[in-house]
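Residue 126 is where the sequence shown starts when you use my numbering, and the numbers rise one by one after that.
All residues carry an ideal CB built from backbone N, CA and C; glycine is no exception.
Model, not experiment: these values are computed from the prediction.
This report concerns only the one structure given below.
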Amino acid sequence: MAEYVINGGRRLNGCIEIQGAKNSALPILAAAVLCREEVILHNCPIISDTDTCIKILRYLGCSVYRDGHTVSVDSRNMYRYDIPAELMREMRSSIVFMGAILGRMKKAEVSLPGGCELGPRPIDLHISSLARMGAEFEEGHGTISCSTEKGIHSSEINLAFPSVGATENIILAAVCSDSTVTVTNAAKEPEICDLAEFLNKCGARITGAGEGTLYIEGVKSLSGTQHIIIPDRIAAVTYMSALSVCGGRLLLKGISPLCLRGTANAFEQSGMLADYDKEGLHISADGVPERVRLVRTMPYPGFPTDAQAPVMAMSCFARGTSVFVENIFESRYRHVSELCRMGANIYVQGKVAVVEGSRDISGATVEAKDLRGGAALVVAGLGAGGRTVVKNINYIERGYEALEENLGNVGADIIKM
Ligand code: UD1
């Protein structure tokens, strides 16, 4: 399996074009099955998760063409409504296809998303919400079959937690129906807004995206459109964490201020200087961050759970002690033991991690255990003295496009072997 070999301690200088958002691209690719004309998506990141989405779309009978960052999907000949277990296993977020397939075929069959690297990731909110809208479920042998052949009911759904995945599934199942579905306590993430914007361009009637209460007025059918995927705020945070431990100046191209809602404060505390202009975000850092005090992961607009690991890697190098509270997922500290191999001082109790910054982080052989935790090891390797080998980078490649190339172009010594 491929690995990154990093010789740390190089300053970073130059420009990085921020990729399209993984967490937008995946639900929008799934949503393409609802459209009765061709959909063309631009700025679609070239990562293994989008490859998996494309495999699923082709399995379902859609024609999909990729030309660099542009992907076109034509679902007119879609004929299947199931996703085989092997494809579901490749990508946990394939559960978002459940709502999309239901919306198109009025029935869907998906296998239960199996064991996952972030601890239990239940889908009870997805199921109870769709059931409230009239979907009927049957479960057995690790498979969920659901049907909306009796129609979607007009309904009000109050989510117990503003789940991103459940909000997406509700939107996708409701958007082509005869009913109106209202969702309170809906997820407000920018990726939800991007999905709603894409669907509205295709003729959907979704209002309230990003505001907490969503109104989805069903329409008969959706047409095609062209859409540009929003920039990836977690990729931006990862490069910012890297700059913070390496020092130097970077221009992050293509990101919007929205990308940094929830994380700007942490980077400000770290001492990073940041300035927006029409080119993008100009950031500079001296290579020894200040502590970030308290990071509590929360639904948007709070600090994103996906940014916790890269920012923790940064705080390993900081002057002083930082405290992290992971409120979204259990088992989202699997990078901690690997960071400790590199000399980091991190103490975990339940959902709290206390990080005592150190100047003695040194290269080691470490193993990525999940996507963002893997990226955190790359950040640590870039800041550490000596050579770091990050194994199992297939996790990292699920979400980061050309990570080693982007970092290499701005002065990092990193190669993929
Ligand atoms: C979550 C993140 C999202 C991130 C993605 C990948 C939040 C709110 N969501 O989205 O930003 O990009 O992971 O890392 O930060 N839950 C249930 N039942 C359900 C669904 C969820 O109990 O049916 C719980 C989960 O166990 C977890 C929390 O809700 O504690 C997060 O849920 P959700 O937003 O649905 O997760 P993802 O959609 O995977």
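- Look at residue 338 here: in three-state DSSP terms it is coil, with no helix or strand label.
- Pairing residue 356 with residue 379 gives a Cβ-Cβ distance under 8 Å.
- With respect to residue 313, residue 336 sits close: the two C-beta atoms are nearer than 8 Å.
- Counting every other CB atom within 10 Å of its CB across the protein chains shown gives residue 309 a total below 16, marking it as exposed.
- Of the residues assessed, residue 289 falls on the buried side of the cut-off, its CB having 16 or more other CB atoms within 10 angstroms.
- Taking the Cβ of residue 250 as the reference point, at least one heavy atom of the ligand UD1 falls within a distance shorter than 7 Å.
- For residue 433, the enclosing alpha helix (DSSP H) stretches over residues 430-440.
- Boundaries of the alpha helix (DSSP H) around residue 462: 461-466.
- Residue burial annotation: residue 332 is exposed, with fewer than 16 other C-beta atoms found within 10 angstroms of its C-beta.
- Contact annotation: the stretch 524-539 touches the stretch 135-149, with at least three C-beta pairs closer than 8 Å.
- When the five nearest sequence neighbours on each side are left out, the beta carbons in the same chain lying within less than 8 Å of the beta carbon of residue 325 are those of 331, in order along the chain.
- Per DSSP, the continuous alpha helix (DSSP H) segment holding residue 184 begins and ends at 173-185.
- If you check the C-beta of residue 289 against the ligand UD1, you find a heavy atom less than 7 Å away.
- Straight-line spacing of the CA atoms in residue 540 and residue 260 works out to 49 Å.
- Judged by the Cβ position, residue 459 fails to qualify as a neighbour of the ligand UD1 at the 7 Å threshold, every heavy atom of the ligand being at least this far.
- Taking every protein chain shown into account, the CB of residue 531 has 16 or more other CB atoms within 10 angstroms, so this residue is buried.
- Inter-segment contact for the stretch 162-180 and the stretch 396-412 is absent: fewer than three beta-carbon pairs are separated by less than 8 Å.
- Spatial neighbours of residue 372 in its own chain (CB-CB distance under 7 Å, excluding positions within 5 residues in sequence) are listed in chain order as 136, 410, 411, 412.
- The beta-carbon separation of residue 509 and residue 467, rounded to 6 Å, stays under the 8 Å limit for a contact.
- One thing to note: residue 177 has its Cβ no nearer than 8 Å to the Cβ of residue 227.
- Our two residues, residue 142 and residue 377, have alpha carbons roughly 6 Å apart in a direct line.
- Here residue 449 is not near residue 489, since their CB atoms are 8 Å or more apart.
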